[in-house]
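A.B. asks: Numbering (this note's numbering), first residue to last: 1336 to 1709. Think of the CB as a built atom: it goes at the ideal place given N, C-alpha and C, for glycine as much as any other residue. All figures in this text were calculated on a predicted structure; none of them were measured in a lab.
(1) Just the C-alpha distance for residue 1406 and residue 1630, rounded to the nearest angstrom, thanks.
(2) Are the beta-carbon atoms belonging to residue 1654 and residue 1664 less than 8 Å from one another?
(3) My guess is that residue 1511 and residue 1467 are in contact by the Cβ rule of under 8 Å, so how many angstroms apart are they, rounded?
(4) Name the DSSP beta bridge partners of residue 1620, please?
(5) Give the list of continuous beta strand (DSSP E) stretches no shorter than 3 residues that lie fully inside the region 1645-1701.
(6) According to the neighbour-count rule (16 or more other Cβ atoms, all chains shown, within 10 Å of its Cβ), is residue 1656 buried or exposed?
(7) Does residue 1435 come out as helix, strand or coil in the three-state DSSP assignment?
(8) Under 8 Å between the Cβ atoms of residue 1454 and residue 1414?
(9) Does residue 1740 come out as helix, strand or coil in the three-state DSSP assignment?
(10) Any idea what DSSP makes of residue 1518, helix, strand or coil?
(11) I'd like to confirm the pairing. Which residues does DSSP put opposite residue 1414 in its beta bridges?
(12) Go ahead and pull the three-state DSSP assignment for residue 1551.
(13) For the structure I just gave you, are there three or more beta carbon pairs, one from the region 1691-1708 and one from the region 1610-1630, closer than 8 Å?
(14) Classify residue 1642 as buried or exposed, calling it buried when 16 or more other Cβ atoms lie within 10 Å of its own Cβ.
(15) Which stretch, first to last residue, makes up the beta strand (DSSP E) that contains residue 1367?
(16) For residue 1365, does the count of other Cβ atoms within 10 angstroms reach 16, so buried, or fall short, so exposed?
(17) In three-state terms, what does DSSP make of residue 1482?
(18) What residues in its chain sit with their C-beta under 7 Å from that of residue 1385, if we drop five residues either side in the sequence?
(19) Compute the minimum distance between the beta carbon of residue 1506 and the heavy atoms of the ligand FMN, and state whether it is under 7 Å.
(20) Count the other CB atoms within 10 Å of the CB of residue 1542; is the residue buried (16 or more) or exposed (fewer)?
(21) Residue 1463 to residue 1412, Cα distance in whole Å?
(22) With a threshold of 7 Å on Cβ separation, who are the neighbours of residue 1580 within its own chain once the five nearest residues in sequence on each side are excluded?
(23) Just tell me which of 1586, 1640, 1498 and 1398 has its CA closest to the CA of residue 1525.
(24) Can you look up residue 1499 in the DSSP assignment and give me helix, strand or coil?
(25) Determine the direct distance from the alpha carbon of residue 1670 to that of residue 1419, and round the result to whole angstroms.
(26) Please say whether residue 1659 and residue 1426 have beta carbons closer to each other than 8 Å?
(27) Is the region 1475-1494 touching the region 1503-1519 in the sense that three or more CB pairs, one from each, lie closer than 8 Å?
(28) If residue 1711 sits next to residue 1570, beta carbons under 8 Å apart, how far is it from one beta carbon to the other, in whole angstroms?
(29) For residue 1470, count neighbouring Cβ atoms within 10 angstroms of its own Cβ and tell me buried if that reaches 16, exposed if not.
(30) Between 1552, 1622 and 1450, which has its C-alpha nearest residue 1597's C-alpha?
(31) Starting from residue 1572, trace the beta strand (DSSP E) in both directions and tell me its first and last residue.
(32) Quick check on DSSP: helix, strand or coil for residue 1398?
(33) Around the C-beta of residue 1289, are 16 or more other C-beta atoms found within 10 angstroms, so that it is buried, or is it exposed?
(34) Could you name the residues of the same chain whose beta carbon sits closer than 8 Å to that of residue 1691, not counting the 5 residues immediately before and after it, in chain order?
(35) Go through its chain and collect everything with a Cβ distance to residue 1341's Cβ below 7 Å, but skip five positions before and after it.
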């Protein structure tokens, strides 16, 4: 699953593309199918159809992997009466409920607090959990299959020293159901694993990041690649509320490289990498106005040293998550058709930024070829 930039570089003969035509151990490609979650009975993100599939594979003495790239117990703690949600005091983010610590955690700044019993807005005690993470999946799967050995592998379960090795040893031993995040997506060999279930196949389809769909495709292929070996046929099941989504169908029906080829066409039409070159100026400060002022001044300086056809300036705008760790963040994006133009501009621009008085009031960084616009 090479990045689009790598595929493009191979196309223009900058890279050499070597294709692996066979899976390791001469294994057959897994059978891939979708479960349409619309109008289906679902318990904690698990459809009845999926539970039946898990039973079939367990009865054959095989191993199952349930993949959900979301740790914790519940994504949101919410008031059922007024809709209030527990949010981080330091970030523009909702806090995640973790069962084993019995606390709410912010997955962005690391803050934590005790969960509340009553709504902080309307004061009613009608507090519910919404959404699910790997802890919740572990709890529900244990209810369905109490006789099976179940292990969960994510950042929370592997914090202590040596714990990752212990869990992987169990995964290669008597564990029949594995629950994990992207930590299990690649680099692990489970010879008895025949079913991979991707619980949220829609994650990434509607990302605000222009690389979101690409990463979704890479992750689905990598996770699905855990299923099946030479003597055991693998099966991949993807749960989705959007079974007819163009990109999802293209990936499943024609494979990753055809999927990537289509994304490259879209990138070219949108004038995004690898057909243009980006530099992202990030700024953060304790006050929103300070961040905005720095980026406005940075843009004014930039406009004085560039010509119109050299570069496109986008912003300044707030970051997708504007407040993080108690600081306000903003972006200024530079887009150039030629890398040489971008490099020349940055050589002249950065020293001017360093000498700007307001630069001392903010934390700023310049990310050339940013992998994320966050």
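C.D. replies: On the basis of the supplied data:
(1) Answer to the nearest angstrom: the Cα atoms are 35 Å apart.
(2) Cβ atoms of residue 1654 and residue 1664: closer than 8 Å.
(3) That pair is no contact at about 21 Å.
(4) In the DSSP output, where bridge partners are listed per residue, residue 1620 has 1663.
(5) Those beta strand (DSSP E) runs which fall completely within the region 1645-1701 and span 3+ residues are 1647-1659 and 1662-1671.
(6) Only exposed fits residue 1656, as fewer than 16 other CB atoms lie within 10 angstroms of its CB.
(7) In the three-state reduction of the DSSP assignment, residue 1435 falls in the coil class.
(8) It is a contact, given that the beta carbons lie within the stated cut-off.
(9) Nothing can be reported for residue 1740: it is not among the residues displayed for the chain, which extend from 1336 to 1709.
(10) In this structure, residue 1518 counts as helix in the three-state DSSP scheme.
(11) Answer is 1462, bridged to residue 1414.
(12) DSSP places residue 1551 in helix when its eight states are reduced to three.
(13) Enough Cβ pairs lie closer than 8 Å, so yes.
(14) By the neighbour-count definition (other C-beta atoms within 10 Å, threshold 16), residue 1642 is an exposed residue.
(15) Residue 1367 -> beta strand (DSSP E) spans 1366-1371.
(16) The residue is buried, with at least 16 neighbouring Cβ atoms inside 10 Å.
(17) Coil.
(18) Result list for residue 1385: 1370, 1532, 1572 and 1574, in chain order.
(19) Inclusion of the ligand FMN in the displayed structure is not the case, the ligand content being empty and no account of it being possible.
(20) Only exposed fits residue 1542, as fewer than 16 other CB atoms lie within 10 angstroms of its CB.
(21) Looking at the two C-alpha atoms, the distance is approximately 6 Å.
(22) Excluding positions up to five away in sequence, the list reads 1540.
(23) Residue 1525 has its Cα closest to that of 1398, out of 1586, 1640, 1498 and 1398.
(24) Residue state, collapsed to three classes: helix.
(25) Distance between the alpha carbons of residue 1419 and residue 1670 is about 40 Å.
(26) Yes; because the gap between Cβ atoms is below 8 Å, this pair is in contact.
(27) With a cut-off of 8 Å on Cβ pairs, the region 1503-1519 is in contact with the region 1475-1494, counting three or more such pairs.
(28) Past the edges of the chain, shown from 1336 to 1709, lies residue 1711, and the structure says nothing about it.
(29) Counting Cβ neighbours within 10 Å, residue 1470 comes out buried, since at least 16 surround it.
(30) Closest by alpha carbon: 1552.
(31) Residue 1572 -> beta strand (DSSP E) spans 1570-1575.
(32) Note: residue 1398 maps to strand in three-state DSSP.
(33) Nothing about residue 1289 can be read from this structure; the chain reaches only from 1336 to 1709.
(34) Exclusion of the five residues before and after residue 1691 leaves 1629, 1632, 1633 and 1636 as the residues of its chain whose Cβ lies within less than 8 Å of its Cβ.
(35) Take residue 1341, set aside five residues on each side of it, and the residues of its chain with a beta-carbon closer than 7 Å to its own are 1350, in chain order.
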